[in-house]
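Down below is the structure, laid out as structure tokens.
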Ligand code: 3PY
Ligand code: MG
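What follows is the structure in structure tokens.
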């Protein structure tokens, strides 16, 4: 369980410095215990890509004290509610492309009167996880980019999380092209204009440098995946012996 029940609320109040996270795509609870000392400020459990399923979320939450954000595989309100019931500190929702979609997510994530989420005797309540975890729609398409300002403006939306690689596919340009870098910057700026949290996955250190150069400020920076980190670590180890 997270020992930081205030993570969501403290981020809503303002993020003084970038919080760096790791995207977990295949690790078991034991794997999370192994990476516990890595210094990650938060863990993103990726339920869209990789090997993990919703049923594996609660055991992963039990294995770490770090705040956990679940990246869902879809907009399914039932899956979103199950992730919140498991006790996450936030949900990241892929490919949000309109204010109407964002409003439906707010309804799915919030208890009445703002939303329609059902309350129940879930793990979240038993372990003191936040009743209102962060709700972070992903902007990662041309349509999402066009709607970024409206999405960020919706009450109940806490921020915008950019997916640079899907955005690059949608715009038909390489991820480090001017066009995609401008688009990332624009999506982050939309979040900032509305006082919302900014987030993005990067993976490539070159992309991080490009974004730094443009003065992009990430509150939540998903640095890379567990798979990439393991591969890079093993390659470095083998090279050194
Ligand atoms: C993207 O870059 O599209 C992502 O979803 C990163 O995880
Ligand atoms: Mg994506």
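Numbering (my numbering), first residue to last: 1 to 241.
For each residue, glycine too, the CB sits at the ideal point set by N, CA and C.
Check                                                                                                                        : Outcome
Inter-residue spacing [alpha-carbon to alpha-carbon] between residue 171 and residue 161                                     : 17 Å
Reduced DSSP category for residue 147 - H, G, I as helix; E, B as strand; rest coil                                          : coil
Which residues DSSP lists as bridging residue 71, in chain order                                                             : 46, 92
Alpha-carbon to alpha-carbon, residue 56 and residue 124                                                                     : 15 Å
CB contact flag (residue 73, residue 42, <7 Å)                                                                               : no
Status (buried if at least 16 other CB within 10 Å, exposed otherwise) for residue 10                                        : exposed
Burial state of residue 33, where buried means 16 or more other Cβ atoms lie within 10 Å                                     : exposed
Pair within 7 Å by beta-carbon distance, residue 30 and residue 67                                                           : no
Straight-line Cα distance separating residue 239 from residue 12                                                             : 43 Å
Spatial neighbours of residue 185 in its chain, beta-carbon cut-off 7 Å, leaving aside the 5 residues before and after       : 214, 216
7 Å Cβ cutoff, residue 234 in contact with chain D                                                                           : Chain labels in this structure do not include chain D; a single protein chain is all it has.
Buried/exposed call for residue 109, threshold 16 Cβ in 10 Å                                                                 : buried
Closer than 5 Å: residues whose CB approaches a heavy atom of the ligand MG                                                  : 140, 163, 166
Residues of its chain near residue 15, where Cβ-Cβ distance is below 6 Å and the 5 sequence neighbours each way are ignored  : 219
Helix, strand or coil at residue 65 [DSSP, three-state]                                                                      : coil
Cβ-heavy atom distance, residue 30 to the ligand 3PY, below 6 Å                                                              : no
Rounded separation between residue 242 and residue 198 - CA only                                                             : Because residue 242 is not part of the residues shown, which for the chain are 1 to 241, the question remains open.
Euclidean distance between Cα positions of residue 3 and residue 39                                                          : For residue 3, the predicted model reports a pLDDT of 46, less than 50, meaning its position is unreliable and no value from the coordinates is stated.
Cβ-Cβ distance between residue 188 and residue 158 below 7 Å                                                                 : no
Beta carbon of residue 48 nearer than 7 Å to that of residue 77                                                              : no
Closest residue to residue 58 among 51, 75, 84, 35 (Cα-Cα distance)                                                          : 84
Residues of its chain near residue 102, where Cβ-Cβ distance is below 6 Å and the 5 sequence neighbours each way are ignored : 96, 137, 151, 154, 157
Contacting residues, own chain, Cβ-Cβ under 7 Å from residue 119 (five flanking each side not counted)                       : 111
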